[in-house]
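Chemist: There's a structure below that I have some questions on.
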Amino acid sequence: MHNPSSSLAPAPAGQAYLQLLDAESGMLATVVQAASDVALLIDPQGVIREVVIGADAAHDLAEAPAWVGRRWVDTVTIESRPKIQALTATLRGETPDSSTTGGARQVNHPIAGGLDLPIAYRVVPVGASGHLLALGRNLRTLAAAQQRLVDAQQSMERDYQRLRQAEARYRLLFEAVEDPLVVVDAVSLNVVELNGSAARLLGTSVRRLALRPAPELFGTQSQPDVLLLFAQTRSSGRAEVPGVTLASGAKVRLVGSLFKQDGVSFLLVRMVPAQEAGAGSTTSGSLLDVINAMPDAFVLSDMQGRVLAANEAFVDMLQLPAGEAVVGQMLDRWLGRSTVDLNVLIGNLRQHGVLRLFPTTLRAGDGQATAIEISAVAVADGPQPCLGFAIRDVTRRLPAEGRSQRQLPRSTDQLTGLVGRLPLRDIVGETTDLIERLCIEAALEITRDNRASAAEMLGLSRQSLYVKLRRYGIHESSADATD
Numbered sequence: 045m046h047n048p049s050s051s052l053a054p055a056p057a058g059q060a061y062l063q064l065l066d067a068e069s070g071m072l073a074t075v076v077q078a079a080s081d082v083a084l085l086i087d088p089q090g091v092i093r094e095v096v097i098g099a100d101a102a103h104d105l106a107e108a109p110a111w112v113g114r115r116w117v118d119t120v121t122i123e124s125r126p127k128i129q130a131l132t133a134t135l136r137g138e139t140p141d142s143s144t145t146g147g148a149r150q151v152n153h154p155i156a157g158g159l160d161l162p163i164a165y166r167v168v169p170v171g172a173s174g175h176l177l178a179l180g181r182n183l184r185t186l187a188a189a190q191q192r193l194v195d196a197q198q199s200m201e202r203d204y205q206r207l208r209q210a211e212a213r214y215r216l217l218f219e220a221v222e223d224p225l226v227v228v229d230a231v232s233l234n235v236v237e238l239n240g241s242a243a244r245l246l247g248t249s250v251r252r253l254a255l256r257p258a259p260e261l262f263g264t265q266s267q268p269d270v271l272l273l274f275a276q277t278r279s280s281g282r283a284e285v286p287g288v289t290l291a292s293g294a295k296v297r298l299v300g301s302l303f304k305q306d307g308v309s310f311l312l313v314r315m316v317p318a319q320e321a322g323a324g325s326t327t328s329g330s331l332l333d334v335i336n337a338m339p340d341a342f343v344l345s346d347m348q349g350r351v352l353a354a355n356e357a358f359v360d361m362l363q364l365p366a367g368e369a370v371v372g373q374m375l376d377r378w379l380g381r382s383t384v385d386l387n388v389l390i391g392n393l394r395q396h397g398v399l400r401l402f403p404t405t406l407r408a409g410d411g412q413a414t415a416i417e418i419s420a421v422a423v424a425d426g427p428q429p430c431l432g433f434a435i436r437d438v439t440r441r442l443p444a445e446g447r448s449q450r451q452l453p454r455s456t457d458q459l460t461g462l463v464g465r466l467p468l469r470d471i472v473g474e475t476t477d478l479i480e481r482l483c484i485e486a487a488l489e490i491t492r493d494n495r496a497s498a499a500e501m502l503g504l505s506r507q508s509l510y511v512k513l514r515r516y517g518i519h520e521s522s523a524d525a526t527d
């Protein structure tokens with residue numbers, strides 16, 4: 045390496061740095077790679093004379109070589125121009141401040157087809173020639189990380205705002221409900237929270253009851269019934285106890301429901317005071333006992349056929365494995381030859397309100413089908429719209445008169461006697477037509493002459509059923525049938 049001073053002696057002062065760069069061609073690149081991502085050589089008029097780009101920033105600064113010959117202030121965005129003017133104050137003979145020679149200034153370069161490129165520059169004067177060396181650090185990665193942080197913070201704030209609004213609505217509804225409500229942890233059975241109505245009924249404040257064991261809210265004799273309610277609610281999702289005594293001495297009816305929040309199970313217990321239940325509470329309790337002890341099966345479902353309650357006789361008829369719950373299941377899981385039967389039942393109940401002696405089958409847990417007869421009623425205007433089904437096993441009953449008339453007109457001997465006199469195709473065709481007619485008549489009878497439901501039950505299209513009705517003359521006797 046030769047002595048730089050010997051090569052710089054004959055040169056003017058303004059060219060001293062440029063000659064140094066000529067003498068040591070690798071010096072500027074080494075400085076850039078060590079201290080910055082980009083270096084700009086600025087002349088006294090603020091024009092970029094040379095651009096050197098570091099290897100790590102070559103992709104982001106691909107347009108930087110085109111800045112040569114342009115004023116530095118023209119290569120940045122409008123809001124960044126005052127910063128450039130402050131950085132180049134020394135070019136106008138002003139005393140450089142700390143922001144010019146010490147601290148870095150961030151400016152943005154517009155990039156075609158993309159976001160602005162942020163660069164943090166430090167300016168170093170080059171001798172007395174008025175030239176400046178601007179060393180820049182690429183901030184795109186840092187800016188992207190900052191933007192992601194801002195986006196994440198804004199998203200968290202929006203989620204937090206939604207949670208606060210949801211909690212506010214929950215608190216408002218929880219306190220506005222007149223029914224006394226208690227939320228109990230399903231595992232520890234401690235009181236999580238309760239509304240004001242429950243606190244007034246229990247004769248104490250909400251704060252004193254928080255985190256107390258829930259069974260302690262009730263009298264000693266009623267605590268076993270309360271624990272049983274909690275256990276049934278955890279297993280089936282809903283349970284009810286007709287009458288228990290609170291520790292304050294008040295008589296209430298408990299209704300428990302299971303719900304989950306953030307993977308934790310809770311029990312929502314509604315306490316209905318005895319005076320609100322009215323004088324019919326004893327009668328209602330006795331009626332429930334009678335229904336549960338009936339030899340015929342009884343099922344209560346919602347308007348879609350989902351089981352809400354069932355007596356012991358229905359459970360015995362199903363012969364389900366131990367521990368399998370009936371409540372919450374769709375009734376068509378066991379009822380009917382297909383889903384059509386339940387649809388016909390519910391359709392007639394919604395239309396007429398009452399259905400009597402509907403013949404169908406009940407499929408037990410082991411797959412065995414039992415012939416049954418159903419009488420049902422719809423209660424659509426009660427506190428909870430529901431359907432009630434009384435189910436009776438008719439397996440041992442003698443065939444009804446209407447069914448005895450539907451016998452094949454030819455016995456086996458009569459059919460075999462046709463062999464030799466008629467072709468086999470004619471014998472089979474005659475028998476098939478007769479069986480087909482009997483099946484259509486049976487489907488119409490089961491569906492109360494509802495042809496759409498009968499077609500679905502038989503696996504036929506509605507048009508095919510109409511063709512067969514006309515073929516066998518059944519449409520004449522079913523002229524008033526409903527579709």
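Quick note: the sequence shown uses the working numbering, first residue 45, plus one each step. For each residue, glycine too, the CB sits at the ideal point set by N, CA and C.
1) Which residue marks the beginning of the beta strand (DSSP E) containing Glu-417, and which one marks its end?
2) Measuring only between beta-carbons, confirm whether Gly-503 sits less than 8 Å from chain C.
3) Does the beta carbon of Gln-205 fall short of 7 Å from some heavy atom of the ligand ADP?
4) Judging by CA-CA distance, which residue of Ala-242, Glu-474, Thr-121 and Ala-210 is the nearest neighbour of Glu-219?
5) Restricting to Cα atoms, I'd like to know which of Gly-157, Leu-179, Leu-393 and Ala-156 is closest to Tyr-165.
6) May I ask you to report which of helix, strand or coil DSSP gives Leu-364?
7) First and last residue of the beta strand (DSSP E) that includes Arg-181?
8) Given a threshold of 16 other Cβ atoms within 10 Å of its Cβ, counted over all protein chains shown, does Arg-149 qualify as buried or as exposed?
9) For the beta strand (DSSP E) holding Ala-164, just list the boundary residues, first then last.
10) Where does the unbroken alpha helix (DSSP H) through Gly-300 begin, and where does it stop?
11) From which residue to which residue does the alpha helix (DSSP H) around Phe-274 run?
12) Quick one: any contact between the segment 194-208 and the segment 256-271, if contact means 3 or more CB pairs under 8 Å?
13) I'd like to know if the segment 121-135 and the segment 83-99 are in contact, where contact means that at least 3 CB-CB pairs between them fall below 8 Å.
14) Rounded to whole angstroms, what's the CA-CA distance from Val-388 to Val-398? Just pull it up for me.
15) Which word fits Ala-424, buried or exposed, when buried means at least 16 other C-beta atoms lie within 10 angstroms of its C-beta?
16) Buried or exposed, going by whether 16 or more other CB atoms sit within 10 Å of the CB of Phe-303?
17) What residue range does the beta strand (DSSP E) around Ser-345 cover?
18) So, helix, strand or coil for Met-374, using DSSP?
19) Thinking just about the alpha-carbon of each residue, which of Gly-263, Gln-412 and Ile-518 is nearest to the one in Arg-481?
20) Which whole-angstrom value describes the C-beta separation of Ser-505 and Val-384, a residue pair presumed to lie in contact below a C-beta threshold of 8 Å?
21) Would DSSP call Ala-283 helix, strand or coil?
22) Following the continuous alpha helix (DSSP H) through Gly-473, name the residue where it begins and the one where it ends.
23) Which term fits Ser-80, buried or exposed, when burial requires 16 or more other beta carbons within 10 angstroms of its beta carbon?
24) Could you have a look at Asp-104 and say whether DSSP puts it in helix, strand or coil?
25) So, helix, strand or coil for Pro-535, using DSSP?
26) With H, G and I counted as helix, E and B as strand and the rest as coil, what does DSSP make of Asp-333?
27) Just tell me which of Gln-209, Asp-470, Thr-404 and Pro-162 has its CA closest to the CA of Leu-186.
28) Below 6 Å CB to CB, which residues in the same chain sit around Gly-247 once its five sequence neighbours on both sides are set aside?
29) Using alpha carbons as the reference points, say which of Arg-282, Leu-177, Gly-158 and Asn-152 lies closest to Val-167.
30) Relative to the C-alpha of Ser-232, which residue among Ala-283, Val-82 and Leu-311 is closest?
31) What is the DSSP secondary structure of Met-338, counted as helix, strand or coil?
32) Determine the DSSP secondary structure at Pro-126, reduced to helix, strand or coil.
33) Can you give the beta carbon distance from Asn-392 to Arg-495, rounded, assuming they're within the 8 Å contact cut?
34) Quick check on the DSSP output: the beta strand (DSSP E) that includes Val-511 runs from which residue to which?
35) Could you check the C-alpha separation between His-103 and Asp-118 for me, to the nearest Å?
36) Leaving out the 5 sequence neighbours to the left and right, which residues in its chain are closer than 6 Å to Thr-277 when beta-carbon positions are compared?
Modeler: On the basis of the supplied data:
1) Indexing the sequence shown from 1 puts residue 417 at position 373. Start and end: 413-423.
2) Checking the listed chains, one finds no chain C in this structure; it contains a single protein chain.
3) Annotation note on the ligand ADP: not contained in the displayed structure, which lists no ligands.
4) Indexing the sequence shown from 1 puts residue 219 at position 175. If we check each option's Cα against that of Glu-219, Ala-242 comes out closest.
5) Residue mapping note: residue 165 aligns to position 121 of the sequence shown, counting from 1. The shortest Cα separation from Tyr-165 among Gly-157, Leu-179, Leu-393 and Ala-156 belongs to Leu-179.
6) The residue you call residue 364 lines up with position 320 of the sequence shown. In the structure shown, Leu-364 sits in coil (DSSP, three-state: anything other than H, G, I, E or B).
7) Counting from 1 along the sequence shown, the entry for residue 181 is found at position 137. Where Arg-181 is concerned, the enclosing beta strand (DSSP E) stretches over 175-182.
8) Here residue 149 corresponds to residue number 105 of the sequence shown, with the count starting at 1. Arg-149 comes out buried.
9) Taking the first residue of the sequence shown as position 1, residue 164 is located at position 120. Ala-164 -> beta strand (DSSP E) spans 161-170.
10) Mapped onto the sequence shown, residue 300 falls at position 256. Counting along the chain, Gly-300 falls outside any alpha helix (DSSP H), though it belongs to the beta strand (DSSP E) covering 295-305.
11) In the sequence shown, residue 274 corresponds to position 230, counting from 1. From DSSP, the alpha helix (DSSP H) with Phe-274 extends over 267-280.
12) no
13) yes
14) In the sequence shown, the residue the question calls residue 388 occupies position 344. In the sequence shown, the residue the question calls residue 398 occupies position 354. Looking at the two C-alpha atoms, the distance is approximately 12 Å.
15) Mapped onto the sequence shown, residue 424 falls at position 380. Exposed, since its Cβ has fewer than 16 Cβ neighbours within 10 Å.
16) One-based indexing of the sequence shown puts residue 303 at position 259. Exposed, because fewer than 16 other Cβ atoms sit within 10 Å of the Cβ of Phe-303.
17) The residue given as residue 345 occupies position 301 in the sequence shown. Note, Ser-345: beta strand (DSSP E), 341-345.
18) To locate residue 374, count along the sequence shown from 1; it is residue 330. DSSP places Met-374 in strand when its eight states are reduced to three.
19) In the sequence shown, counting from the first residue as 1, residue 481 sits at position 437. Closest option to Arg-481, Cα to Cα, is Ile-518.
20) By one-based count along the sequence shown, residue 505 stands at place 461. By one-based count along the sequence shown, residue 384 stands at place 340. Between Val-384 and Ser-505 the Cβ distance is about 14 Å, and since that is not below 8 Å, they are no contact.
21) Residue mapping note: residue 283 aligns to position 239 of the sequence shown, counting from 1. In this structure, Ala-283 counts as strand in the three-state DSSP scheme.
22) Numbered from 1 along the sequence shown, position 429 holds the residue referred to as residue 473. 468-490 is the span of the alpha helix (DSSP H), which, as asked, contains Gly-473.
23) What you label residue 80 is simply residue 36 of the sequence shown in a count that begins at 1. Buried, by the Cβ-count rule.
24) Position 60 of the sequence shown, counted from the first residue, corresponds to residue 104. Coil.
25) Outside the shown range of the chain (45 to 527) lies residue 535, about which nothing can therefore be said.
26) By one-based count along the sequence shown, residue 333 stands at place 289. If DSSP states are grouped into helix, strand and coil, Asp-333 belongs with the helices.
27) Start at 1 with the first residue of the sequence shown, and residue 186 comes out as number 142. The shortest C-alpha separation from Leu-186 is found at Pro-162.
28) Mapped onto the sequence shown, residue 247 falls at position 203. Excluding residues within five positions, the ones whose Cβ falls inside 6 Å are Ser-292.
29) Stepping through the sequence shown from its first residue, residue 167 is reached at position 123. For Val-167, the nearest C-alpha among the options comes from Leu-177.
30) If you number the sequence shown from 1, residue 232 lands on position 188. Answer by Cα proximity: Leu-311.
31) For the purposes of this step, residue 338 is taken as residue 294 along the sequence shown, with counting starting at 1. In this structure, Met-338 counts as coil in the three-state DSSP scheme.
32) Looking up residue 126 in the sequence shown gives position 82. Pro-126: helix per DSSP, three-state reduction.
33) Locating residue 392 in the sequence shown gives position 348, counting from the first residue. Locating residue 495 in the sequence shown gives position 451, counting from the first residue. Not a contact, Cβ separation roughly 14 Å.
34) In the sequence shown, the residue the question calls residue 511 occupies position 467. Premise fails: Val-511 lies in the alpha helix (DSSP H), 506-516, not in any beta strand (DSSP E).
35) Here residue 103 refers to the residue found at position 59 when the sequence shown is read from its first residue. Here residue 118 refers to the residue found at position 74 when the sequence shown is read from its first residue. Approximately 21 Å between the Cα atoms of the pair.
36) Mapped onto the sequence shown, residue 277 falls at position 233. These residues qualify, in order along the chain: Ala-283, Gly-300, Leu-302 and Leu-311.
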